[in-house]
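Each remark here refers to the structure printed beneath this line.
Number of protein chains: 2
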Amino acid sequence: MDKYQASKCLHCPIRSKIYCSCLDVENLKDFSDNAKHETFDKKVIILSSGNEINSIYNILDGIIKVYQLNEDGNQQIIGFLYPGDFFGSHEGGQYQFFAETVSQAKLCKIPIKKFRIHLSKNAGIRDKFYEATTNELSLAREHINILTKNSAEQKVLDFIRMISLRQHKMGQPINPVHLIMPRIDIANYLGLRLETVSRAFTKLKANNSISLNNFDSIIINNAIS
Amino acid sequence: MDKYQASKCLHCPIRSKIYCSCLDVENLKDFSDNAKHETFDKKVIILSSGNEINSIYNILDGIIKVYQLNEDGNQQIIGFLYPGDFFGSHEGGQYQFFAETVSQAKLCKIPIKKFRIHLSKNAGIRDKFYEATTNELSLAREHINILTKNSAEQKVLDFIRMISLRQHKMGQPINPVHLIMPRIDIANYLGLRLETVSRAFTKLKANNSISLNNFDSIIINNAIS
DNA sequence: ATATTTCGTTGATATAAATCAATAAACAAA
DNA sequence: TTTGTTTATTGATTTATATCAACGAAATAT
C-alpha cells in the first residue's frame, strides 16, 4: 500500500511542473501518503468562497474555472486552470473564490495542514509557491489587458491566443486550440455577451485570422499580429 | 548622523502599515542606514518595465500610478498606489511595469539587495511581503470586476468607491473622495474614453449618486447600493 | 434511432460608448 | 492680472455591443 502510494507521486504526470518537484524522496513519500486522487464530473463545484480552507488541489487532468460572485450575485470568471496548476491556498482562513470543473477532471487533493508543514520547513517549496502567486498576478494583469482592448474581436482573438499558449506550456502544440469551455464562459471572462462572442468568431473566420474545425477546435492562422 | 537616520524610521508615518513593522530595533537601524527619502515632482517616471531591479520603494506621501505597455505600445494603468503601499519588488531580474508619480510624491528607497537579506532571515517580513502580494492579487481581481461591469456609470461609481475605501484605509474619512488623478487616467484604468467618464460623472450627479465640490473632490451620497 | 435539452449561430433593433468637434473651466507662467 | 496651456465638459454623429427573438446544431437521455 505504502509502496503504491509512493509510486503514485513518482509517476505523477505534473510533478515536474509543480512545487512537488523540489521535494526529496522522503518528503515526497509523505505527500504520497496524504494525497488523494479524485475524479469529478463536469460542472461540479470543488470549493466555494467563504468555506474554510482545508485542502489544496493540484490539477492532474481536465479544466477548472475559477470565479467570484460580485455584489449583484453574478458570476465573474477570473481564470481557467489547466493540468499543472493548483488552487485552494492563499490567505489564512477561507477560500476567496469558487472552483468548478469545466470538463471531467482528475485532481490531487492534499490536506492544507500537511501542505503548510512542508511550506514552513522547505525553502524551495516556499519559493515555488511564491512564484505561483506572482504568476497568478501576471495572469490577472493579462486578463486586465484583454478586458481593456477596444473591440470584441480583439478580445476574443487574445483569448484564443492565451489558451493556445497555455496548452503549449503543457507540451501540446500551439494549433489547434481546444476551447473546452462553453461560449458563455468565454463571454463572461471577456465581459461580453455570448452572442457578441459568437459574432466575433464569425468575423475572425471571415478575416482568416482563425479557422474552425469544430466550434471547440480552432486554428490560429497568423500566429503573430 | 546615524542617530538621525535611526529616528527617521522610528518616526516614519507609514511604518505601522508596512513590512517594516516587524523589524526589531537593530534591523530597523539597518534599514534606516540604507533607506533614502526622495521627493519627486508630478508626472515623473520612477521606474520602467525592463529595467534591472535595484530598489524597492515605499510611498510616504503622494500617489503613484502603475502601468504596463500593451503590444500596441499603449499605456494600460493597472493600479494607483497610496502612502503605505510599496512597489518595485517581485520576481528576480527586471521590473514588470512602469511607476509614475501622479502628484508630487515622497518615497523611501531601499536597495533591493538589503531588502532581500532581511527577507531571507526574517520570517515575519516574509509573511508581510507575501500578504502584500496576495493583496495585490485581490486588487487586480477587484479591477477585473469593475472592468466587467456593464455600464460606464457603474464603472465610474465603483471606481470612486474604491478610492474612497483606499483613502479610508489611510485614516481619512470616506467623504469627500479626492480624485487626484486626471480623468484620462481614470478612463484608462476603466477601459473607457475620457469623454465617457466625464459624462458618467454628469449622470451620477444628476442621479444624486454623487455630489461634486470641485471635479477632484466628490461626495458619495448613498454609501450603499 | 428518436426525442429532448443544451449550446451556438444569425437576424433585427435598441442602446451605449466611441469619435469628432467645439467650448469652458482650471492651472501655470509671464 | 493677463495670457497661454492643459484638462474637463458638452454636443452631434457614427459605430459597436446589448438585447430580444428565432433557428440550427450538437449532446444527452429515452
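Residue numbers (the working numbering), protein chains in the order written: chain F, 1068 to 1292; chain L, 1068 to 1292.
Note that the Cβ used here is the ideal one computed from N, Cα and C, for glycine as well.
Between the CA atoms of residue j and residue i - distance to the nearest angstrom
i, j, result
"F/ARG1183", "L/LYS1084", "26 Å"
"L/ASN1295", "L/ILE1230", "As displayed, chain L neither begins before 1068 nor continues past 1292, which places residue 1295 of chain L out of reach and without an answer."
"L/SER1115", "F/CYS1079", "41 Å"
"L/ILE1227", "L/ASN1289", "12 Å"
"L/VAL1267", "F/GLU1220", "Sequence check: residue 1267 of chain L is Ala here, not Val. Between L/ALA1267 and F/GLU1220, the C-alpha separation is close to 25 Å."
"L/THR1269", "F/ALA1190", "54 Å"
"F/LEU1090", "F/ILE1081", "13 Å"
"F/HIS1157", "F/ALA1273", "44 Å"
"L/ASN1275", "F/MET1248", "41 Å"
"F/ASP1069", "F/LYS1173", "Since pLDDT at F/ASP1069 reaches only 47, below the 50 mark, its modelled position is unreliable, and no value is offered."
"F/GLY1159", "L/GLU1198", "10 Å"
"F/ILE1113", "F/PRO1150", "15 Å"
"F/PHE1154", "L/LYS1110", "39 Å"
"F/HIS1104", "F/SER1170", "16 Å"
"L/LYS1096", "L/LYS1188", "16 Å"
"F/ILE1077", "L/TYR1134", "Checking the displayed sequence, the identity of residue 1077 of chain F turns out to be Leu instead of Ile. Near 43 Å, if we compare the C-alpha coordinates of L/TYR1134 and F/LEU1077."
"L/GLU1138", "L/SER1278", "38 Å"
"L/GLY1129", "L/GLN1239", "14 Å"
"F/ASP1100", "F/VAL1092", "12 Å"
"L/PHE1196", "F/LYS1075", "35 Å"
"F/SER1265", "F/ASP1252", "12 Å"
"F/TYR1071", "F/PHE1098", "Here the model assigns F/TYR1071 a pLDDT of 49, short of 50, so the residue's position is not dependable, and the following value carries that caveat. Rounded to whole angstroms, F/TYR1071 to F/PHE1098 spans 13 Å at the Cα level."
"F/ARG1233", "L/HIS1235", "39 Å"
"F/LYS1216", "F/ASN1141", "22 Å"
"L/LEU1204", "L/ASP1108", "29 Å"
"F/ASP1024", "F/LEU1136", "Here chain F comprises residues numbered 1068 to 1292, so residue 1024 of chain F is not present and cannot be evaluated."
Expected contact under 8 Å - CB spacing of residue i and residue j to nearest Å
i, j, result
"F/ASN1280", "F/ILE1144", "Not really, about 25 Å apart at Cβ, beyond 8 Å."
"F/CYS1175", "F/LEU1127", "6 Å"
"L/ILE1131", "L/THR1168", "6 Å"
"L/LEU1224", "L/LEU1271", "6 Å"
"L/HIS1185", "L/ASN1094", "6 Å"
Alpha helix (DSSP H) segment containing residue i, residue limits
i, result
"L/LEU1214", "1190 to 1214"
"F/LYS1227", "In the sequence under discussion, the amino acid at residue 1227 of chain F is Ile, which differs from the Lys named in the question. Segment 1219 to 1236, the alpha helix (DSSP H) holding F/ILE1227."
"L/GLU1119", "Here L/GLU1119 belongs to no alpha helix (DSSP H), and DSSP marks it neither H nor E."
"L/LEU1257", "1250 to 1257"
Sequence-distant residues of the same chain with beta carbon closer than 8 Å to residue i, five excluded per side
i, result
"F/LEU1214", "LYS1222, LEU1257, GLY1258"
"L/ASN1118", "GLN1161, TYR1162"
"F/LEU1206", "GLY1146"
"L/HIS1263", "This sequence places Thr at residue 1263 of chain L; His is not what is there. Around L/THR1263: ALA1219, ALA1254."
"F/THR1200", "HIS1157"
Residue i, enclosing beta strand (DSSP E) - first and last residue
i, result
"L/LEU1136", "1131 to 1136"
"L/ASP1097", "Looking at the DSSP string, L/ASP1097 is not in any beta strand (DSSP E); the run it does join, the alpha helix (DSSP H), is 1092 to 1101."
"L/LYS1176", "1172 to 1178"
"L/SER1083", "Taken as a continuous stretch (DSSP letters only), L/SER1083 belongs to no beta strand (DSSP E), as it is neither H nor E."
"F/ASN1281", "1277 to 1281"
"L/ILE1145", "1142 to 1148"
"L/SER1284", "1284 to 1287"
"F/PHE1165", "1165 to 1168"
Contact set for residue i: own chain, Cβ-Cβ below 6 Å, skip 5 residues either direction
i, result
"L/VAL1244", "ILE1227, ILE1230, SER1231, ILE1285"
"L/LEU1246", "ASP1283"
"L/ALA1102", "CYS1175, ILE1177"
Cut-off 7 Å between Cβ atoms - residues of its own chain near residue i, not counting five sequence neighbours on either side
i, result
"F/MET1237", "TYR1149, PRO1150, GLY1151"
"L/ARG1327", "Given a span of 1068 to 1292 for chain L in the structure shown, any question on residue 1327 of chain L remains unanswerable."
Inset, instruction - Report yes or no: do three or more beta-carbon pairs, one from the stretch 1148 to 1167 of chain L and one from the stretch 1270 to 1285 of chain F, lie closer than 8 Å? - result: no
Inset, instruction - Could you tell me whether the stretch 1170 to 1189 of chain F touches the stretch 1119 to 1131 of chain F, where touching means 3 or more Cβ pairs closer than 8 Å? - result: yes
Inset, instruction - Tell me, please, whether the stretch 1204 to 1215 of chain F touches the stretch 1143 to 1157 of chain F by the rule of three or more beta-carbon pairs shorter than 8 Å. - result: yes
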